[in-house]
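Student: These protein sequences, in sequence, are chains A and B. Once you know that position 71 of the first sequence is 71 in this note's numbering, the rest is easy, because the numbers rise by one and skip nothing. Once you know that position 81 of the second sequence is 81 in this note's numbering, the rest is easy, because the numbers rise by one and skip nothing. Ideal Cβ placement from N, Cα and C applies to all residues, glycine included. Structure incoming, see below.
There are 2 protein chains.
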Amino acid sequence: MPKKIAIIGSGMMGSALAFPAFENGNEVRLVGTPLDREIIDECRKVGKHPKFDYPFPVGVKYYQFEEWKEAVEGVDFVIGGVSSFGVDWFLEEVLTYLDPSVPVLSVTKGLINLEDGTLISYPDYWERELSKKGIVREVCAIGGPCTSYELVYHDQTEVAFCGKNTKVLKMMKEAMQTSYYHISLTNDVIGLESAVALKNGYALAIAMTIGLVNRHHGPEAGLHFNSQAAAFYQGVKEMRYLLEMQGASRDCENIGIGDLYVTVYGGRTRKVGILLGEGKTYQEAMDILAGVTLESLVVSRRVYAAMEKKAERGLVDLKKFPMLCHAAAVLDKGADAELPWEAFTFDETK
Amino acid sequence: MPKKIAIIGSGMMGSALAFPAFENGNEVRLVGTPLDREIIDECRKVGKHPKFDYPFPVGVKYYQFEEWKEAVEGVDFVIGGVSSFGVDWFLEEVLTYLDPSVPVLSVTKGLINLEDGTLISYPDYWERELSKKGIVREVCAIGGPCTSYELVYHDQTEVAFCGKNTKVLKMMKEAMQTSYYHISLTNDVIGLESAVALKNGYALAIAMTIGLVNRHHGPEAGLHFNSQAAAFYQGVKEMRYLLEMQGASRDCENIGIGDLYVTVYGGRTRKVGILLGEGKTYQEAMDILAGVTLESLVVSRRVYAAMEKKAERGLVDLKKFPMLCHAAAVLDKGADAELPWEAFTFDETK
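Structure (structure tokens):
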């Protein structure tokens with residue numbers, strides 16, 4: 001049965017989800033945040049997101065933020081499409097006022113590091129903060145290798161939805177799945193959310209190898225995948241240690257490895273990593289990429305800060321994470337991007 | 001202390017290993033197989049392998065196969081550099097006559113499927129066959145993401161050496177490690193050899209997604225990594241099931257995932273996969289790639305045959321391997337390359 005779905009946040013990922021949602025026969029209402037005013041204006045005028053190559057399906061409805069309460073009236077669920085910089089805004093301006101019986105599916109990727117080094121998911125964060133206000137609500141989330149513009153292109157995409165309530169997850173999958181948008185389901189919220197957030201520091205370090213090849217051999221050097229694959233191997237190794245600490249399921253780990261793969265190719269993280277690999281300082285890279293938002297770096301730093309704290313408490317050995325430490329040193333301590341390759345070897349002989 | 005090393009087989013991978021071996025201060029003797037006659041002739045004339053961009057370091061010595069016994073005189077170890085098509089030749093013409101006290105390090109990647117569906121490594125195969133002749137010898141092997149021309153380029157490369165004898169492995173690592181060739185060590189021979197062989201069917205299927213994008217959107221479609229990442233995720237999932245069956249260590253699994261990554265990019269498997277994805281039949285793809293040897297497809301078929309046999313015996317459920325089955329069906333049953341995407345989803349909800 002078709003559903004009514006409101007998407008709050010008309011950035012690229014939130015907006016991209018309007019495609020499978022609408023094409024599967026649902027009513028879709030796309031709501032801009034106060035930062036999205038011009039996007040919504042343009043959608044109303046020409047039916048196309050300014051950053052997409054294709055128009056929205058005809059029939060998607062557009063709302064400015066002032067109209068959000070109208071937009072969520074009678075919906076079966078709400079998709080939270082804010083960036084990680086909008087997490088508190090979404091909490092204060094939407095979740096606090098939204099009927100707790102209306103399920104929410106969040107597409108915001110990230111983790112928050114608590115003071116003791118614990119890394120929690122955004123759904124967990126929202127649930128904790130809402131409970132302080134006396135509001136009991138669960139938040140479901142989307143993870144997996146999906147770039148927005150390729151979803152708009154109807155590329156084959158595999159993601160997972162996580163949440164505590166299986167019935168709600170199944171309803172959401174039925175509503176959203178299409179011939180190109182394939183949805184796995186898990187109750188392992190922290191596992192999935194960790195899997196798709198922990199990749200950031202690793203994608204950054206893998207991208208550095210591309211810049212390093214440019215630096216050592218010139219930009220016309222052609223194919224050089226040995227070092228990329230070596231860094232990918234080490235990234236997978238460290239991600240698996242981290243995900244084990246987070247108690248993630250094996251399927252969530254696999255989704256995280258797929259997400260690492262797409263982030264090396266499709267994301268903004270790639271651009272920063274290449275510039276750092278080429279020998280630019282962090283500040284120079286930021287100047288070159290002025291205007292690009294870098295959620296991924298925020299998450300990388302949080303993960304590193306969490307591991308540093310856990311190491312202080314004797315709970316982890318940072319020697320198991322040479323690539324994470326390296327990425328952090330390049331970002332914030334001016335270290336050269338050349339990776340500590342020999343530290344990536346293992347010796348499991350007896 | 002510098003070593004004397006003979007490399008038997010002057011194909012691309014055997015020859016590439018002459019670079020780290022010689023640059024680390026060892027004496028290196030490169031021996032062609034009977035198929036390599038012209039390569040050795042050319043090496044003697046111009047000091048360069050015909051397929052490499054760079055000359056060999058000055059000082060590498062070259063031998064035709066008739067001179068192999070001279071070449072192995074007094075060596076500390078022999079590197080076996082034959083392709084998987086030369087496995088029996090290497091057994092009959094070299095291993096049968098080589099002093100069993102001289103360690104051998106093989107770079108040949110692959111697995112052999114026994115009648116009951118068991119997959120064994122080449123070192124295991126050679127050891128079994130030699131023991132039938134009353135010869136007791138162990139064979140060490142190299143696995144990991146390494147393409148030969150990039151090793152020649154001195155790209156940063158991470159591999160692992162496996163073998164039963166730790167002392168021998170450590171000697172080989174000391175002899176071969178350089179500032180760009182980094183070596184992990186493991187006694188898990190079947191684990192490492194499985195990890196780097198099982199990737200082939202998966203690399204093929206991932207490469208198909210590139211061809212599928214060309215077919216659906218035209219070759220100018222630009223970046224399309226969602227489907228590649230989705231296939232990569234599924235490939236990792238199935239490889240991990242297979243490696244669990246093979247009893248592989250976690251570090252070997254990680255090396256295998258790195259090897260999968262490099263094979264999607266650097267290998268011949270990629271070319272076949274793209275052609276199949278674009279809609280060519282297997283025969284058409286073979287005609288287009290005439291002259292290219294496709295060891296990877298031999299291994300893919302063996303792995304699939306082994307799993308089919310195990311499934312018949314009730315030991316595995318082929319439903320856990322939809323991508324392996326799909327790759328086999330495209331190769332040998334004329335199936336269309338479009339992947340069974342929904343079969344890649346999981347549901348681990350309670």
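How would you list, in chain order, the residues of chain B whose beta-carbon sits under 7 Å from the beta-carbon of residue 410 of chain A?
Tutor: Outside the modelled stretch of chain A, which goes from 1 to 350, sits residue 410 of chain A, for which no answer is possible.
Student: Name, please, each residue of chain A whose Cβ falls closer than 7 Å to the Cβ of residue 182 of chain B.
Tutor: By Cβ distance, chain A contributes 341, 342, 344, 345.
Student: Report the residue ranges of all alpha helix (DSSP H) runs contained in full by the stretch 112–176 of chain B; include only those spanning at least 4 residues, in chain order.
Tutor: For the stretch 112–176 of chain B, whole alpha helix (DSSP H) runs of length 4 or above, ordered along the chain, are 122–132, 148–152, 166–176.
Student: Is it a yes or a no for the stretch 224–242 of chain B touching the stretch 169–182 of chain B, going by three-plus beta-carbon pairs under 8 Å?
Tutor: At 8 Å Cβ cutoff, the stretches do not touch.
Student: Taking the continuous beta strand (DSSP E) assigned at residue 314 of chain A, which residues delimit it?
Tutor: Counting along the chain, residue 314 of chain A falls outside any beta strand (DSSP E), and DSSP gives it neither H nor E.
Student: Would you mind telling me which residues of chain B sit closer than 7 Å to residue 246 of chain A, beta carbon to beta carbon, in chain order?
Tutor: Correct list: empty, because the minimum Cβ distance to chain B is about 16 Å.
Student: Specify whether the stretch 217–232 of chain B and the stretch 219–229 of chain A touch according to this definition: at least 3 beta carbon pairs, one from each stretch, less than 8 Å apart.
Tutor: No, the stretch 217–232 of chain B is not in contact with the stretch 219–229 of chain A.
Student: Nearest chain A C-beta to residue 130 of chain B closer than 8 Å, yes or no?
Tutor: Judged by the 8 Å Cβ criterion, residue 130 of chain B is not in contact with chain A.
Student: Within the same chain, show all residues whose beta-carbon is closer than 6 Å to that of residue 344 of chain B, passing over the 5 residues directly before and after it, in chain order.
Tutor: Once the five neighbours on either side are set aside, the close Cβ partners of residue 344 of chain B are 234.
Student: Report back the beta-carbon spacing between residue 162 of chain A and residue 188 of chain A to the nearest angstrom; my notes put them in contact at under 8 Å.
Tutor: Residue 162 of chain A to residue 188 of chain A, Cβ: 6 Å. Contact.
Student: Would you kindly report the start and end of the unbroken beta strand (DSSP E) that includes residue 4 of chain A?
Tutor: Where residue 4 of chain A is concerned, the enclosing beta strand (DSSP E) stretches over 4–8.
Student: If we ignore side chains and look at the alpha-carbon of each, how far apart do residue 80 of chain B and residue 90 of chain B end up?
Tutor: One C-alpha to the other measures close to 8 Å.
Student: Would you mind telling me which residues of chain A sit closer than 7 Å to residue 255 of chain B, beta carbon to beta carbon, in chain order?
Tutor: Those within 7 Å of residue 255 of chain B in chain A are 233.
Student: Can you pull the chain A neighbours of residue 150 of chain B, defined as C-beta to C-beta under 9 Å?
Tutor: Within chain A, the residues near residue 150 of chain B are 223, 224, 225, 226, 227.
Student: Assign residue 283 of chain A to one of two classes, buried (16 or more other C-beta atoms within 10 Å of its C-beta) or exposed (fewer than that).
Tutor: Residue 283 of chain A is exposed by the Cβ-count criterion.
Student: What does a CB cutoff of less than 6 Å around residue 215 of chain B pick up in its chain, not counting 5 residues either side in sequence?
Tutor: Same-chain partners within the cutoff: 278, 279.
Student: At 4 residues or longer, what runs of the alpha helix (DSSP H) sit wholly inside the stretch 214–266 of chain A?
Tutor: Correct list: 226–245, 250–266.
Student: Residues of chain A with CB under 7 Å from residue 169 of chain B, in chain order?
Tutor: Those within 7 Å of residue 169 of chain B in chain A are 349.
Student: Could you check what DSSP says for residue 182 of chain A in three-state terms: helix, strand or coil?
Tutor: Strand at residue 182 of chain A.
Student: How is residue 83 of chain B classed by DSSP in three states: helix, strand or coil?
Tutor: Three-state DSSP puts residue 83 of chain B in coil, outside helix and strand.
Student: Determine the extent of the alpha helix (DSSP H) in which residue 194 of chain A is found, giving its start and end residues.
Tutor: Here the alpha helix (DSSP H) through residue 194 of chain A covers 189–197.
Student: If contacts are defined as beta-carbon pairs under 8 Å, then residue 298 of chain A and residue 84 of chain A qualify, I think. What distance do you get, rounded to the angstrom?
Tutor: Rounded, the Cβ-Cβ distance is 6 Å, consistent with contact.
Student: Report back the beta-carbon spacing between residue 172 of chain B and residue 77 of chain B to the nearest angstrom; my notes put them in contact at under 8 Å.
Tutor: Between residue 77 of chain B and residue 172 of chain B the Cβ distance is about 6 Å, and since that is below 8 Å, they are a contact.
Student: What residues in its chain sit with their C-beta under 6 Å from that of residue 15 of chain A, if we drop five residues either side in the sequence?
Tutor: Closer than 6 Å at Cβ, skipping near neighbours: 49.
Student: Cβ of residue 185 of chain B less than 8 Å from any chain A Cβ?
Tutor: Judged by the 8 Å Cβ criterion, residue 185 of chain B is in contact with chain A.
Student: If we cut at 8 Å on Cβ distances, does residue 269 of chain A have a partner in chain B?
Tutor: It does not; no Cβ of chain B falls within 8 Å.
Student: Going by the CB atoms, is the gap between residue 8 of chain A and residue 31 of chain A shorter than 8 Å?
Tutor: Closer than 8 Å, so yes.
Student: Going by the CB atoms, is the gap between residue 130 of chain B and residue 105 of chain B shorter than 8 Å?
Tutor: For residue 105 of chain B and residue 130 of chain B, no; Cβs fall outside 8 Å.
Student: Out of B:45, B:109, B:286, B:62, which has the shortest C-alpha to C-alpha gap to residue 18 of chain B?
Tutor: Comparing Cα positions, the closest option is B:62.
Student: Check whether the Cβ atoms of residue 108 of chain A and residue 82 of chain A lie closer than 8 Å to each other.
Tutor: Cβ distance < 8 Å, so residue 108 of chain A and residue 82 of chain A count as in contact.
Student: Is it right to say residue 230 of chain A is buried, meaning 16 or more other beta carbons lie within 10 angstroms of its own, or is it exposed?
Tutor: Residue 230 of chain A comes out buried.
Student: At least one CB of chain A closer than 8 Å to the CB of residue 261 of chain B: is that the case?
Tutor: Yes, its Cβ sits closer than 8 Å to a Cβ of chain A.
Student: Taking Cβ positions, are residue 142 of chain B and residue 159 of chain B nearer each other than 8 Å?
Tutor: Yes, these two residues count as a Cβ contact at 8 Å.
Student: For residue 106 of chain B, return the contacting residues in chain A, with the cut-off set at a CB-CB distance below 7 Å.
Tutor: Simply none; closest approach about 18 Å.
Student: How about residue 237 of chain A: is its C-beta nearer than 8 Å to some C-beta of chain B?
Tutor: At least one chain B Cβ lies under 8 Å of residue 237 of chain A.
Student: Look up residue 103 of chain B in the DSSP assignment and say whether it is helix, strand or coil.
Tutor: In the structure shown, residue 103 of chain B sits in coil (DSSP, three-state: anything other than H, G, I, E or B).
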